[in-house]
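One structure is given below, encoded as structure tokens.
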Amino acid sequence: MQIDNLSNIKVLVWDFDSTLYPPQPKLFTAVREAEYQVIRDHTGWPRERAMAEFKKLHKVVTPSGTQITANLTKIPVVQAARETENYFDRRKFLGKDLLLISLFQKLIRYQHVLVPNGIKEKITETLEVLGVPITTFQSVITPETTQVTKPNSKPFELVLEFTKLPAAQHLMIGDRVEVDLLPAKKLGMQTCWVSWNQVSPETDGVDLIISQVYELSDLLS
17 MQIDNLSNIK VLVWDFDSTL YPPQPKLFTA VREAEYQVIR DHTGWPRERA
67 MAEFKKLHKV VTPSGTQITA NLTKIPVVQA ARETENYFDR RKFLGKDLLL
117 ISLFQKLIRY QHVLVPNGIK EKITETLEVL GVPITTFQSV ITPETTQVTK
167 PNSKPFELVL EFTKLPAAQH LMIGDRVEVD LLPAKKLGMQ TCWVSWNQVS
217 PETDGVDLII SQVYELSDLL S
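Take 17 as the starting number for the sequence shown in the working numbering and just add one per residue.
This is how it looks when you write it as structure tokens:
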């Protein structure tokens, strides 16, 4: 994306985990263990089998851990998300982020839509810890809304239904190219990959690459 084209953007569409805060290895481990535990709760499998069955499907069938958990347990994806989030708490790993607070203050002229794969109640609690209230976002589209998780296109379609603006006036911001960005790009949105200095094997369809989410402060304000 040419920087000049950013002037056309009216709506910022945000992923949540590892986008609005830097990747947290201990939190990632806690999430994965929670998914294994939910699988064990419903199947009676030992941890080793739950982990093995999960890994068979991960990225081969879907990159969504929540969807894999739902598939293996044969429960609705929303139930899988709720049960998983009962086993971990993001707030234990995060704290107030003054740079993030400043970022949203500078981007106040945009519409903001949040599209996480988590449960709204838990996302709301975590945003409070970060210092960015849920009311910052004009719309929050979660699996509770859609009954699916990204990379399914439905959350992104609902974004366009909500804003009623051309897809090209939306900038989808996320940390996972396959999950957050490619589905948005297919609908015509612009895309921004927050790499956090990681390397992705797939960057086709990414219009803008930044190493930290805070860089958007200078690019968009």
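We put the beta carbon where it would ideally sit given N, CA and C, even for glycine. Computed from a predicted model, the values in this text were never measured in an experiment.
- Three or more beta-carbon pairs separated by less than 8 Å are not found between the region 210-220 and the region 144-161, which leaves the two stretches without contact.
- Pairing I91 with G60, the inter-Cα distance amounts to about 15 Å.
- A contact between stretches requires three or more CB pairs, one per stretch, nearer than 8 Å, and the region 137-152 fails this requirement with the region 58-73.
- Counting of Cβ neighbours within 10 angstroms places N24 among the exposed residues, the total staying below 16.
- Contact check for V195 against T219 fails: the beta carbons are separated by 8 Å or more.
- Every beta strand (DSSP E) stretch that sits fully inside the region 71-156 and reaches 3 residues is listed by chain position as 127-130.
- The region 83-90 makes contact with the region 66-75; the number of CB pairs closer than 8 Å reaches 3 or more.
- Sorting Q40, L174 and S233 by C-alpha distance to the C-alpha of A183 places L174 at the top.
- No residue range can be given for V215, since it is assigned to no beta strand (DSSP E) and is classified by DSSP as neither H nor E.
- Contact between K122 and S227 does not hold, since the beta-carbon distance rounds to 18 Å and is not under 8 Å.
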